[in-house]
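Chemist: Just dropping this structure here.
In the working numbering, the protein residues as written are 21 to 155.
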């Protein structure tokens, strides 16, 4: 998890937005995001570098991208727009499935959410947060 968090933070605070004082980040995932309070950890790390991070999240336990693609709260948060980043975290077992299962059970919903994010705000970047897989 530390490696993934480090990589995420590196991507978050580089690439032209480094000079920006405040970032707005939406986290959509499940307990892998909320149990460790990842959004607050990221906000605290931003503050330690002199930046600030405003975040919102919807992270029901066991949730999938498919669930978020029809969840009223997730869709409302996306539609608000104004996010610099939307972080999408898939359920932990699905990415370890066969390629054909991932193509049918993950990719369509990742694409749908990414499309909705871009409709709400073309400047928002979608970030995929991959946890360690469970078998």
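Don't be surprised by glycine CBs; every beta carbon is placed ideally from N, CA and C.
In this text, all values refer to a predicted model and were calculated from it rather than measured experimentally.
Can you list, in chain order, the residues of its chain with a C-beta nearer than 6 Å to that of residue 148? Leave out the 5 residues immediately preceding and following it.
Modeler: 108
Chemist: Report back the beta-carbon spacing between residue 53 and residue 79 to the nearest angstrom; my notes put them in contact at under 8 Å.
Modeler: 5 Å
Chemist: Quick one: grab the DSSP three-state call for residue 50.
Modeler: It is coil, neither helix nor strand.
Chemist: Check whether the region 93–106 and the region 41–58 are in contact - that is, three or more C-beta pairs closer than 8 Å.
Modeler: yes
Chemist: Closest to residue 127 by C-alpha separation, out of 89, 99, 145, 93, would be which residue?
Modeler: 89
Chemist: Around the C-beta of residue 110, are 16 or more other C-beta atoms found within 10 angstroms, so that it is buried, or is it exposed?
Modeler: buried
Chemist: Go through its chain and collect everything with a Cβ distance to residue 49's Cβ below 6 Å, but skip five positions before and after it.
Modeler: By the criterion of a C-beta distance shorter than 6 Å, residue 49 is surrounded in its chain by 79, 109, once the five residues flanking it on both sides are discounted.
Chemist: Determine the contact status of residue 101 and residue 140, defining contact as a CB-CB distance below 8 Å.
Modeler: Cβ atoms of residue 101 and residue 140: closer than 8 Å.
Chemist: Let me know if residue 36 comes out buried or exposed under the rule of 16 or more other beta-carbons within 10 Å of its beta-carbon.
Modeler: With a pLDDT of only 49 at residue 36, under the threshold of 50, the placement of this residue in the model should not be trusted; the figure read from the coordinates follows. The residue is exposed, with fewer than 16 neighbouring Cβ atoms inside 10 Å.
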